[in-house]
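Protein chains: 2
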Amino acid sequence: MSRRRTTLKDLAKELDLAASTISRALDDHPGISPETKERVRLKAEEMGFTRNSIAASFRKSKTLTIGVIAPQIDIHFHSLVISGIEEYAYKAGYNVTIFQSRNSFKREKKITETLQNNMFAGVIICQGTETKGTDHFRKLKKTKMPMVFYDRVPTGFEANKVIINDFESSYHATEHLIEKGCRNIAHIGGPQTTGIFKSRYEGFKKALEDHQLGTSSDYVHFTKGLTYEEGVSAAKALLAQDVKPDGIFCSNDYTAVSAIQVFQKNGVKVPEHVAVVGFSNYPISKIIEPNLTSVNDRAFEMGQAAAKLLIRQIEDEEDLIESEIVTLKTELIIRESSLK
Amino acid sequence: MSRRRTTLKDLAKELDLAASTISRALDDHPGISPETKERVRLKAEEMGFTRNSIAASFRKSKTLTIGVIAPQIDIHFHSLVISGIEEYAYKAGYNVTIFQSRNSFKREKKITETLQNNMFAGVIICQGTETKGTDHFRKLKKTKMPMVFYDRVPTGFEANKVIINDFESSYHATEHLIEKGCRNIAHIGGPQTTGIFKSRYEGFKKALEDHQLGTSSDYVHFTKGLTYEEGVSAAKALLAQDVKPDGIFCSNDYTAVSAIQVFQKNGVKVPEHVAVVGFSNYPISKIIEPNLTSVNDRAFEMGQAAAKLLIRQIEDEEDLIESEIVTLKTELIIRESSLK
DNA sequence: CTGAAAGCGCTTACAG
DNA sequence: CTGAAAGCGCTTACAG
Numbered sequence: 001m002s003r004r005r006t007t008l009k010d011l012a013k014e015l016d017l018a019a020s021t022i023s024r025a026l027d028d029h030p031g032i033s034p035e036t037k038e039r040v041r042l043k044a045e046e047m048g049f050t051r052n053s054i055a056a057s058f059r060k061s062k063t064l065t066i067g068v069i070a071p072q073i074d075i076h077f078h079s080l081v082i083s084g085i086e087e088y089a090y091k092a093g094y095n096v097t098i099f100q101s102r103n104s105f106k107r108e109k110k111i112t113e114t115l116q117n118n119m120f121a122g123v124i125i126c127q128g129t130e131t132k133g134t135d136h137f138r139k140l141k142k143t144k145m146p147m148v149f150y151d152r153v154p155t156g157f158e159a160n161k162v163i164i165n166d167f168e169s170s171y172h173a174t175e176h177l178i179e180k181g182c183r184n185i186a187h188i189g190g191p192q193t194t195g196i197f198k199s200r201y202e203g204f205k206k207a208l209e210d211h212q213l214g215t216s217s218d219y220v221h222f223t224k225g226l227t228y229e230e231g232v233s234a235a236k237a238l239l240a241q242d243v244k245p246d247g248i249f250c251s252n253d254y255t256a257v258s259a260i261q262v263f264q265k266n267g268v269k270v271p272e273h274v275a276v277v278g279f280s281n282y283p284i285s286k287i288i289e290p291n292l293t294s295v296n297d298r299a300f301e302m303g304q305a306a307a308k309l310l311i312r313q314i315e316d317e318e319d320l321i322e323s324e325i326v327t328l329k330t331e332l333i334i335r336e337s338s339l340k
Numbered sequence: 001m002s003r004r005r006t007t008l009k010d011l012a013k014e015l016d017l018a019a020s021t022i023s024r025a026l027d028d029h030p031g032i033s034p035e036t037k038e039r040v041r042l043k044a045e046e047m048g049f050t051r052n053s054i055a056a057s058f059r060k061s062k063t064l065t066i067g068v069i070a071p072q073i074d075i076h077f078h079s080l081v082i083s084g085i086e087e088y089a090y091k092a093g094y095n096v097t098i099f100q101s102r103n104s105f106k107r108e109k110k111i112t113e114t115l116q117n118n119m120f121a122g123v124i125i126c127q128g129t130e131t132k133g134t135d136h137f138r139k140l141k142k143t144k145m146p147m148v149f150y151d152r153v154p155t156g157f158e159a160n161k162v163i164i165n166d167f168e169s170s171y172h173a174t175e176h177l178i179e180k181g182c183r184n185i186a187h188i189g190g191p192q193t194t195g196i197f198k199s200r201y202e203g204f205k206k207a208l209e210d211h212q213l214g215t216s217s218d219y220v221h222f223t224k225g226l227t228y229e230e231g232v233s234a235a236k237a238l239l240a241q242d243v244k245p246d247g248i249f250c251s252n253d254y255t256a257v258s259a260i261q262v263f264q265k266n267g268v269k270v271p272e273h274v275a276v277v278g279f280s281n282y283p284i285s286k287i288i289e290p291n292l293t294s295v296n297d298r299a300f301e302m303g304q305a306a307a308k309l310l311i312r313q314i315e316d317e318e319d320l321i322e323s324e325i326v327t328l329k330t331e332l333i334i335r336e337s338s339l340k
């Protein structure tokens, strides 16, 4: 009853042409007469024909779908990256299929196995926090699957990567606090098992060293997940110090907002008494009062760059590049919270 | 050089079995001996065989991929819905491919055409703000494509829909303000061309009427995009009224936050002088001070429900349901901002 | 319990 | 400029 979809063959019969001719006409192949192309176009329209891309993909053994593995897509950073990937991919004619590892190593491994099913032209990955080792990525690489990593990238594994310079960005952000006159600068950081958070801490530390300023461990708080709540606890601990910090560099914006609120609530003015800098330039940095100085980590552009790198790899057969690491420029967006 | 991928045929030759037997063994088909199954499993593992799902999809003319059209995935609400879709779909064995219409009607139409290419088992859609009419959806429906709409759903078009009751939720939120003693209640709303924002306004209006409270047009501000900045302008206009409102119901959280900040900055205390309620229960509602009372719109659950509805439709051939409308319960999360 | 064969809808190398 | 034919890697109805 529910009529079978129209195929090339149906069109061919209607027009008294060969299926191959129809296929070429729809491809705007040079060796087909303009008249035939027009006839085919009209008939296809009339019969509501759309090419079966599963069949085409199968025949060409090549798809136009990119897989993306992100820890969690409802985290603003990742949703921006994916938005950037989708935007670039869409314009290049690719679809984007998303997978969430939810920071489960098991699930991440399972997804990398699923990706080997020929459905994907390439894959863009951000590692989960629980990921141990790179065996699952190596297996995928062996299948010649084009791959690009972003943000949380594996170390000791040669691959295409799109990152920012977390060390430099943090160094620069900390230096900004020093320039504004801060001398007792604290840090609220993320888990040091994760490379990017370690680098942010290292950049912070190095900036202090280079300016002959010390760091006390009482001034450094590593959280498990950089949540708002953890930020509140860390800020309270900082507030309890004999010498309160006059500057705080935070590895994300949520903890920076916590710091602002905790200090202000306790009569310590931001930025007059304590200057605060965050990381990621989330929308909240323009909303919290005072507005938060923060590092723009280029999430959307990171997605676009990752898609671009991947698609070049997929399409350029002459590609001699074994792997490429793209580091995006970050930018310290200076707002009220650090303007002592 | 780069060796061809292993196929069923290769396995068959190695094991001296027919390809059909291999296929069945891997499917755990009942009519295959356990010994054979084990042999096949081991050999497949050894040779690194993974089924070519493009070929399988093609043969069965059936895929396990769901398409999602959202206006923009880096909007928190949508990223939560998509997260919910992915979560449910993943467990049911489906992939999720995302498309952003970016509120362009043209792009939305083009995407619905793309979706007719046999790659998708079904599609989940949230309309863009610029969408005019339902012709493109009707065309898709004609191809028997299973469809589910969420949140911003087309009117006058019979289809599966997952929504919340915007009218009721807003009525209830406004009533909460009345119960707290507010008598001059203002509204900051979204574009009235969009159904959900119109319903939120209607719910607000009805609650006032039912409690014999008037609405003055000076108290109602419709914005174009419910942005923070538009919220600031609207709040300033409200502040300039001879009789300042003592309650404000906002159609999202960003504008509610604007209202809190503008009023507080001008010496009007929240909630003492003016109570504020938002909509969507974004993370910022737990951060802004005072914490914001807001309607939990169940974004994640909406995604799960949409995926569930779609997959039932895809898989249940005996399905006698022409269409189904699922309305999720919302919940008013009461926080400080409305506790007069 | 296993096999042989047909065929899904395309694309492309080859022929004319 | 157009056509005939082969075949991509599976699955499944049929046969034994």
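Residue numbers (our numbering), protein chains in the order written: chain A, 1 to 340; chain B, 1 to 340. By construction, the Cβ of each residue, glycine as well, lies at the ideal position given by its N, Cα and C atoms. This structure is a prediction, so every number in the text was calculated from the model and none was measured.
For a contact defined as C-beta to C-beta under 7 Å, what are the partners of residue i on chain A?
i	result
residue 147(B)	Residues of chain A passing the Cβ test: none, with the nearest at roughly 16 Å.
residue 257(B)	287
residue 50(B)	116, 117
Would residue i and residue j be called neighbours here (beta carbons separated by less than 8 Å)?
i	j	result
residue 185(B)	residue 174(B)	yes
residue 271(B)	residue 283(B)	no
residue 148(B)	residue 124(B)	yes
residue 328(B)	residue 164(B)	yes
residue 278(B)	residue 250(B)	yes
residue 202(A)	residue 167(A)	yes
residue 239(B)	residue 262(B)	yes
residue 146(A)	residue 325(A)	no
residue 247(A)	residue 275(A)	yes
residue 241(A)	residue 218(A)	yes
residue 294(A)	residue 253(A)	yes
residue 194(A)	residue 223(A)	no
residue 19(A)	residue 8(A)	yes
Residues bridged to residue i by DSSP?
i	result
residue 147(A)	123(A)
residue 328(A)	164(A)
residue 249(B)	187(B), 277(B)
residue 67(B)	97(B), 123(B)
residue 341(B)	An answer regarding residue 341(B) cannot be provided, because it is not within the stretch 1 to 340 covered by chain B.
residue 222(B)	189(B)
Quick check: the Cα distance between residue i and residue j, rounded to an integer number of angstroms?
i	j	result
residue 339(A)	residue 180(A)	7 Å
residue 105(A)	residue 87(B)	16 Å
residue 24(B)	residue 17(B)	11 Å
residue 268(B)	residue 99(A)	47 Å
residue 245(B)	residue 172(B)	19 Å
residue 1(A)	residue 69(A)	For residue 1(A), the predicted structure reports a pLDDT of 34, less than 50, and the residue's modelled location is therefore unreliable. A value from the coordinates is still provided. Cα to Cα, residue 1(A) sits roughly 41 Å from residue 69(A).
residue 258(A)	residue 220(A)	15 Å
residue 52(A)	residue 322(B)	27 Å
residue 138(B)	residue 111(B)	14 Å
Of all Cβ atoms in chain B, is any one closer than 8 Å to the Cβ of residue i?
i	result
residue 291(A)	no
residue 164(A)	no
residue 227(A)	no
residue 74(A)	yes
residue 95(A)	yes
residue 104(A)	no
residue 80(A)	yes
residue 127(A)	no
Going along chain A in order, which residues have a C-beta closer than 8 Å to the C-beta of residue i?
i	result
residue 53(B)	117, 118, 119
residue 8(B)	None at all; the shortest Cβ gap to chain A is about 13 Å.
residue 304(B)	Residues of chain A passing the Cβ test: none, with the nearest at roughly 13 Å.
residue 334(B)	Neighbours of residue 334(B) on chain A: none; closest Cβ ~20 Å, over 8 Å.
residue 313(B)	Per Cβ cutoff of 8 Å: no residues; residue 313(B) is ~14 Å from chain A at best.
Under 8 Å between C-beta atoms, does residue i make it to chain A?
i	result
residue 58(B)	yes
residue 22(B)	no
residue 63(B)	yes
residue 325(B)	no
If the cut is a Cβ gap below 9 Å, which residues of chain A does residue i touch?
i	result
residue 123(B)	Under the 9 Å cutoff, chain A gives no residues; its nearest Cβ is about 13 Å from residue 123(B).
residue 351(B)	Because chain B in this structure spans residues 1 to 340, residue 351(B) falls outside the shown range and cannot be described.
residue 131(B)	Ordered by position in chain A, no residue passes the 9 Å Cβ test against residue 131(B), which lies about 18 Å from the chain.
In chain B, which residues lie less than 8 Å from residue i when you measure between Cβ atoms?
i	result
residue 160(A)	The premise fails here: residue 160(A) is roughly 18 Å from chain B at the closest Cβ pair, so nothing lies under 8 Å.
Below 9 Å on C-beta distance, what does residue i contact in chain B?
i	result
residue 261(A)	287, 289
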